[in-house]
Amino acid sequence: MAKKLSLVVPCFNEEQTIPLFYAALQAVKPQLRGAKLEYWFINDGSRDTTLDVLRDLQQKDPQQVHYISFSRNFGKEAALYAGLQATTGDYVAVMDADLQDPPEQLAEMMAGIEDEGYDVVGTRRIDRGGEPIIRSFFANTFYRFINKISSTPIKNGVRDFRLMTRQVVDAVLSMSEYNRFSKGILSWVGFKTKYLSYVNRDRVGGKTSWSFWKLLRYSIDGIIDFSDAPLNLATFVGFLSFLVSLMGVAFVIVRKIIYGGSVTGWASMTSIILMIGGLQLLCLGILGKYIGSIYLEAKKRPIYIIKEKK
Numbered sequence: 001m002a003k004k005l006s007l008v009v010p011c012f013n014e015e016q017t018i019p020l021f022y023a024a025l026q027a028v029k030p031q032l033r034g035a036k037l038e039y040w041f042i043n044d045g046s047r048d049t050t051l052d053v054l055r056d057l058q059q060k061d062p063q064q065v066h067y068i069s070f071s072r073n074f075g076k077e078a079a080l081y082a083g084l085q086a087t088t089g090d091y092v093a094v095m096d097a098d099l100q101d102p103p104e105q106l107a108e109m110m111a112g113i114e115d116e117g118y119d120v121v122g123t124r125r126i127d128r129g130g131e132p133i134i135r136s137f138f139a140n141t142f143y144r145f146i147n148k149i150s151s152t153p154i155k156n157g158v159r160d161f162r163l164m165t166r167q168v169v170d171a172v173l174s175m176s177e178y179n180r181f182s183k184g185i186l187s188w189v190g191f192k193t194k195y196l197s198y199v200n201r202d203r204v205g206g207k208t209s210w211s212f213w214k215l216l217r218y219s220i221d222g223i224i225d226f227s228d229a230p231l232n233l234a235t236f237v238g239f240l241s242f243l244v245s246l247m248g249v250a251f252v253i254v255r256k257i258i259y260g261g262s263v264t265g266w267a268s269m270t271s272i273i274l275m276i277g278g279l280q281l282l283c284l285g286i287l288g289k290y291i292g293s294i295y296l297e298a299k300k301r302p303i304y305i306i307k308e309k310k
């Protein structure tokens with residue numbers, strides 16, 4: 001009996017790329033071992049005509065094409081979660097609509113699962129050609145940093161593009177946390193995983209919605225979600241400041257006993273106070289990020305709200 005392959009495709013202002021993506025996937029369909037395709041496009045509050053394009057595509061191919069449209073933009077993580085919840089396939093693939101994820105690799109992914117016994121076959125870029133140098137630098141720094149402070153390993157260059165068995169998808173869905181970092185979640189659940197390498201590709205149309213600051217905020221959320229090292233750092237900084245202050249008090253007392261007189265130096269004292277104050281604010285900021293995450297989880301708001309689904 002033929003397997004069903006579900007494709008989860010988050011979309012944010014992808015009016016230009018969706019028809020190209022659909023055509024590319026239909027072209028590689030004969031290579032997918034007779035698998036039945038099921039498309040789940042997730043319209044994440046797009047401001048262009050993405051929803052109209054999805055409606056038209058669904059009317060032309062109602063058997064294969066389905067879509068979910070959010071009431072507003074909830075972010076890619078919410079779109080991925082909604083798509084995974086909607087799928088019914090034996091295998092589930094997560095892909096971007098911009099064709100930076102090579103559709104032809106799906107055949108090799110299926111071979112990895114069916115012939116080699118893997119539960120997950122993912123992809124990773126072996127270069128960052130076409131990407132701004134500053135972004136590449138910070139991306140590489142992020143992966144090195146998080147792998148040092150977290151017990152959940154995340155490979156450098158790993159994409160969301162991957163093929164999973166139903167068992168893996170169910171495991172991911174069981175983690176219904178509000179603050180989501182999919183790369184960490186998919187690594188945390190485990191299972192036998194293989195990665196395919198490929199050279200970076202440019203978008204076939206439109207513009208990316210990921211700015212440097214969005215990526216930076218996303219990386220900070222990933223660190224908060226999968227490591228308590230920043231809390232340990234705050235504790236260490238506080239303890240170190242306490243030791244330095246004790247040494248300073250001891251120095252002042254000894255100097256008073258030996259040399260007499262008062263200790264002068266208002267400028268140095270002010271600098272020290274500002275430094276200690278800055279360290280305290282840094283530690284409070286770290287604590288605030290964790291408390292903020294707890295606050296959002298405690299409210300138990302829905303991860304997304306659906307306005308239209310077909």
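Take 1 as the starting number for the sequence shown in full-length UniProt numbering and just add one per residue. Using N, Cα and C, we set each Cβ at its ideal position, and we do this for glycine too.
When burial is assigned at 16 or more other CB atoms within 10 Å of the CB, is residue i buried or exposed?
{"i": "R159", "result": "buried"}
{"i": "F239", "result": "exposed"}
{"i": "G42", "result": "The amino acid at residue 42 is misidentified as Gly; the sequence shows Ile. Flag for I42 reads buried."}
{"i": "M247", "result": "exposed"}
{"i": "S187", "result": "buried"}
{"i": "A250", "result": "exposed"}
{"i": "A97", "result": "buried"}
{"i": "G33", "result": "Checking the sequence shown, residue 33 turns out to be Arg, not Gly. Exposed, because fewer than 16 other Cβ atoms sit within 10 Å of the Cβ of R33."}
{"i": "E77", "result": "buried"}
{"i": "Y295", "result": "exposed"}
{"i": "I185", "result": "buried"}
{"i": "L284", "result": "exposed"}
If you draw a straight line from the C-alpha of residue i to the C-alpha of residue j, how long is it?
{"i": "G206", "j": "I273", "result": "With a pLDDT of 49 at G206, under the threshold of 50, the modelled position of that residue is not reliable, and the figure given next carries that caveat. Approximately 50 angstroms, taken between the alpha carbons."}
{"i": "K4", "j": "T88", "result": "8 angstroms"}
{"i": "L84", "j": "V244", "result": "52 angstroms"}
{"i": "K300", "j": "L7", "result": "28 angstroms"}
{"i": "S197", "j": "L80", "result": "22 angstroms"}
{"i": "G122", "j": "Y195", "result": "5 angstroms"}
{"i": "R72", "j": "I305", "result": "8 angstroms"}
{"i": "G190", "j": "L282", "result": "34 angstroms"}
{"i": "L99", "j": "Q16", "result": "11 angstroms"}
{"i": "S174", "j": "Q31", "result": "32 angstroms"}
{"i": "A86", "j": "G117", "result": "25 angstroms"}
{"i": "S182", "j": "V9", "result": "14 angstroms"}
{"i": "R180", "j": "I286", "result": "18 angstroms"}
{"i": "D90", "j": "I68", "result": "20 angstroms"}
{"i": "W40", "j": "T193", "result": "24 angstroms"}
{"i": "A93", "j": "L279", "result": "45 angstroms"}
{"i": "K297", "j": "K289", "result": "Here the sequence assigns Glu to residue 297, which means Lys is not the residue at that position. Approximately 12 angstroms, taken between the alpha carbons."}
{"i": "E177", "j": "A35", "result": "32 angstroms"}
{"i": "V237", "j": "D170", "result": "41 angstroms"}
{"i": "A2", "j": "E38", "result": "13 angstroms"}
{"i": "L20", "j": "E14", "result": "10 angstroms"}
{"i": "Y22", "j": "L54", "result": "11 angstroms"}
What did DSSP end up calling residue i once you bin it into helix, strand or coil?
{"i": "M164", "result": "strand"}
{"i": "T123", "result": "strand"}
{"i": "residue 336", "result": "This structure cannot settle anything about residue 336, because the visible part of the chain is limited to 1 through 310."}
{"i": "L25", "result": "helix"}
{"i": "V189", "result": "coil"}
{"i": "Y91", "result": "strand"}
{"i": "G206", "result": "With a pLDDT of only 49 at G206, under the threshold of 50, the placement of this residue in the model should not be trusted; the figure read from the coordinates follows. Coil at G206, not helix or strand."}
{"i": "R159", "result": "strand"}
{"i": "P19", "result": "helix"}
{"i": "L106", "result": "helix"}
{"i": "F239", "result": "helix"}
{"i": "S6", "result": "strand"}
{"i": "Y81", "result": "helix"}
{"i": "L32", "result": "coil"}
{"i": "I68", "result": "strand"}
List the whole-angstrom C-beta distance separating residue i from residue j, where the pair is believed to meet the contact cut-off of C-beta under 8 angstroms.
{"i": "K307", "j": "F70", "result": "6 angstroms"}
{"i": "L57", "j": "I18", "result": "7 angstroms"}
{"i": "A95", "j": "F12", "result": "Reading the sequence as shown, one finds Met at residue 95 and not Ala. About 14 angstroms separates the two Cβ atoms, so there is no contact after all."}
At a cut-off of 7 angstroms, is residue i close to the ligand MN when judged by its beta-carbon and the heavy atoms of the ligand?
{"i": "S71", "result": "Absence of the ligand MN is noted for the structure shown, with no ligands found whatsoever."}
Tell me whether the region 48–68 and the region 162–173 touch, counting them as touching only if at least three CB pairs, one residue from each stretch, are closer than 8 angstroms. Not touching, per the Cβ criterion.
Please determine if the region 38–56 and the region 112–122 are in contact, where contact requires at least 3 C-beta pairs separated by less than 8 angstroms. For the pair of segments examined, the region 38–56 was found not to touch the region 112–122: the number of CB pairs separated by less than 8 angstroms stays below three.
Does the region 90–105 touch the region 27–35, meaning 3 or more C-beta pairs lie closer than 8 angstroms? yes
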